[in-house]
Amino acid sequence: MKVKKRILVACGTAIATSTVVARKIEEELDKRDIPVQITQCKASEVKSKVEGHDLVVTTTFVSDTGDVPVIRTVSFLTGVGIEQDIEKIVEYLNN
Amino acid sequence: MNDNNLKFSELVKPEFVMHNLQASTREDALSQMAAFLVEEGNCKPTFVEAILKRERAHPSGLPMPGPKIAIPHTDAEHVRQSVILFARLQEPVEFLSMGSPDDKLSVRMISMFALKEKNRIGDMLETLINVYQNEEILNAILVARDSGDIFSILREAVEKYGQ
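Chains A and B are the protein sequences, given in the same order. Count the first sequence with this note's numbering and you get residues 110 to 204, in order. Count the second sequence with this note's numbering and you get residues 489 to 651, in order.
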């Protein structure tokens with residue numbers, strides 16, 4: 110069994126935007142048979158929640174993610190550039 | 489799919505579509521829309537300031553491939569009953585782009601999310617965002633005659649996208 114990678118998805122309020130982003134990422138990675146565990150949070154909560162995650166995907170500015178890489182993108186909302194972002198996500202998760 | 493999810497008819501309503509909102513700035517548009525939701529009883533009075541504050545900290549303009557749309561929203565604590573208020577503006581106002589606030593977008597459509605039930609809105613939100621990515625649908629909304637027509641376009645689009 111593959112070990113589930115953990116992604117933290119952040120946006121301003123953790124109610125609407127990150128919900129859509131989290132679902133899109135999960136669908137896309139599921140197609141590629143990559144199991145992930147996704148947690149949503151507000152941008153302001155990233156610092157306290159980032160520990161234990163392999164990657165942060167955010168629609169807004171975040172700071173203090175320590176060693177965890179960050180992808181800032183709105184592609185999962187606009188539909189523009191999803192493929193490139195998924196490739197980036199997969200690359201980070203494989204490292 | 490979760491049957492517990494809120495449905496289109498529970499969130500989008502003809503009486504919550506503004507077809508000709510007149511606003512001079514984004515804050516003007518957001519204030520008017522938020523105030524309407526307070527008057528209707530869907531949101532607490534604190535919603536208005538919370539929407540403006542959130543927009544300043546985290547801009548909600550989306551650089552869609554076609555017409556641009558903004559999706560302002562704020563914390564659930566300011567909401568009494570979930571609803572999505574859709575407005576078409578008479579004249580565009582400037583929004584900053586989510587994720588890259590140096591980019592300015594000319595916006596004529598705003599979809600204000602007043603949401604309470606975080607775990608019951610995923611399906612509907614994802615479907616609506618897919619609809620908002622569709623250039624043809626947004627162009628049809630821009631030339632629709634009135635609120636009823638805008639509502640019908642949204643309903644048909646959501647049905648088509650599998651809700």
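Don't be surprised by glycine CBs; every beta carbon is placed ideally from N, CA and C. Computed from a predicted model, the values in this text were never measured in an experiment.
- With its beta carbon less than 7 angstroms from one in chain B, A/A125 belongs to the interface.
- The C-beta of B/R633 has fewer than 16 other C-beta atoms within 10 Å across all chains shown, which makes the residue exposed.
- The DSSP-derived three-state label of A/V171 is coil.
- The Cβ atoms of B/G549 and B/L593 lie closer than 7 angstroms to each other.
- Under the 7 angstroms criterion on CB atoms, A/G121 is classed as interfacial with respect to chain B.
- Annotated as proximal: B/L518 and B/L540, with beta-carbon spacing under 7 angstroms.
- Counting along the chain, B/R596 sits inside the beta strand (DSSP E) bounded by residues S588 to A602.
- Within the DSSP bridge table, the entry for A/K151 names A/C120 as partners.
- Taking a C-beta distance under 7 angstroms as the contact criterion, B/T562 and A/T122 qualify as a contact pair.
- Under the Cβ distance rule, B/R542 counts among the residues neighbouring chain A, one pair being separated by less than 7 angstroms.
- Spatial neighbours of B/P547 in its own chain (CB-CB distance under 7 angstroms, excluding positions within 5 residues in sequence) are listed in chain order as F583, L584, S585, M586 and P589.
- Going by DSSP, B/K556 is part of no alpha helix (DSSP H) but of the beta strand (DSSP E) stretching over K556 to A558.
- The C-alpha of A/I191 lies about 33 angstroms from the C-alpha of B/A511.
- Looking at the DSSP output, B/M506 sits in a beta bridge with B/A575.
- Residue environment analysis places B/D611 among the buried positions, since at least 16 neighbouring C-beta atoms fall within 10 angstroms of its C-beta.
- Contact with chain A is absent for B/F496, since none of that chain's Cβ atoms lies less than 7 angstroms from the residue's Cβ.
- For A/V189, the residues of chain B that pass the 9 angstroms Cβ criterion are P551, M552, P553 and Q621, in the order they occur in the chain.
- Interface annotation, B/M586: in contact with chain A, CB-CB separation under 7 angstroms.
- As for any alpha helix (DSSP H) of minimum length 4 sitting wholly inside the region 510-541 of chain B, the runs are 514-527, ordered along the chain.
- Interface criterion met: the Cβ of A/V129 is under 7 angstroms from a Cβ in chain B.
- Among the bridge pairs identified by DSSP, A/K114 is matched with A/V145.
- In the structure shown, the three-state DSSP call for B/S570 is coil.
- Taking the C-beta atoms as reference points, A/V166 is found nearer than 7 angstroms to A/V118.
- Residue contact check for B/H566 against chain A: no CB pair falls below 7 angstroms.
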